[in-house]
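Accompanying notes for the structure given below.
Chains as they are written, first to last, in my numbering: chain R, 1 to 115; chain P, 116 to 227.
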């Protein structure tokens, strides 16, 4: 049973560029959340997708956008990259809770470095 | 004030001893609390969840919640070198709002 898979593992970009990160959820899961984890910090919630729509959003600028596909996989897009966007980007999948919290399973992340 | 705060550590504990990790939260509406373990370079792994005041035990791990004091803790008994990791405390405000709010984590090292 495959867990949450993310690609690529590592990525190096320069300021001003755009990047797309990809996530395949754990089998049977329909909800995908994205988190940003800066070095030495806890993960910060970016947004969550369910049924191909953004369900919740954290305190991140519009440069961060996402998409969920019919097969529940998801992409995170970041435009106009800044040095401060350097971080580990984590994808977590779960079943939609609707009043019952469902555990979120994390992928191993994409390490993004901005030069 | 951060919503979820943890002692940043690092915390060093001898093998076989009890490791005690603490977390406080500011949002009184927080309903549920979680402890994640994160090995260096790896993803967070859920090890304990607690929803009600009191203690919850699972093997060598015990989570404690005191909503009046807005305090959550994790005890690890008989600490093993494999317990060396960063431990993240997280909270959600209510069921249905599945956004996890994490603390900055406490780095734990078990000394053989």
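We put the beta carbon where it would ideally sit given N, CA and C, even for glycine. Please read all numbers here as calculations on a predicted model, not as lab measurements.
Nonlocal neighbours in the same chain, by C-beta distance under 6 angstroms from residue 84 of chain R, ignoring five residues either side: none
Cβ pair residue 154 of chain P, residue 161 of chain P closer than 7 angstroms: no
Cβ of residue 41 of chain R within 7 angstroms of any chain P Cβ: yes
Min CB distance residue 109 of chain R to chain P below 7 angstroms: yes
Within the segment 34 to 90 of chain R, ranges of the beta strand (DSSP E) (whole runs, at least 3 residues): 44 to 50, 53 to 57, 64 to 68, 74 to 78
Whole-angstrom distance between residue 189 of chain P and residue 176 of chain P, CA atom to CA atom: 7 angstroms
Closer than 6 angstroms: residue 153 of chain P CB and nearest the ligand HEM heavy atom: Within the structure as shown, the ligand HEM is missing, as the structure has no ligands at all.
Residue 157 of chain P: first and last residue of the uninterrupted beta strand (DSSP E) it sits in: Looking at the DSSP string, residue 157 of chain P is not in any beta strand (DSSP E), and its letter there is neither H nor E.
CB contact check: residue 8 of chain R to chain P, cutoff 7 angstroms: Not one chain P Cβ lies under 7 angstroms of residue 8 of chain R.
Check whether residue 192 of chain P and residue 133 of chain P have beta carbons under 7 angstroms apart: yes
Three or more C-beta pairs below 8 angstroms linking the segment 86 to 94 of chain R and the segment 36 to 45 of chain R: With the cut-off at 8 angstroms, the segment 86 to 94 of chain R and the segment 36 to 45 of chain R touch.
Below-7 angstroms beta-carbon distance, residue 217 of chain P vs any chain R residue: yes
CA-to-CA distance, residue 213 of chain P to residue 75 of chain R, given in whole angstroms: 19 angstroms
Test item: CB-CB of residue 4 of chain R and residue 107 of chain R under 7 angstroms: yes
Alpha-carbon to alpha-carbon, residue 31 of chain R and residue 117 of chain R: Limits of chain R in this structure are 1 at one end and 115 at the other, which puts residue 117 of chain R out of reach.
Within 9 angstroms of chain P by C-beta, residues of the segment 58 to 72 of chain R in sequence order: 58
Environment of residue 33 of chain R [buried if 16+ CB atoms lie within 10 Å]: Label assigned to residue 33 of chain R: buried.
Below-7 angstroms beta-carbon distance, residue 196 of chain P vs any chain R residue: no
Candidates P:225, P:219, P:170, P:172: closest to residue 140 of chain P by CA position: P:219
C-alpha distance - residue 112 of chain R paired with residue 105 of chain R, whole-angstrom precision: 20 angstroms
Residues from the segment 153 to 167 of chain P in contact with chain R, defined by Cβ distance under 7 angstroms: From the segment 153 to 167 of chain P, only 157, 158, 159, 161 have a Cβ closer than 7 angstroms to chain R.
Close-in-space but distant-in-sequence residues of the same chain around residue 185 of chain P (CB under 6 angstroms, 5 per side omitted): 139, 140
Sequence-distant residues of the same chain with beta carbon closer than 7 angstroms to residue 15 of chain R, five excluded per side: Contacts found: 81, 82, 83, 114.
Within-7 angstroms CB hit, residue 34 of chain R to chain P: no
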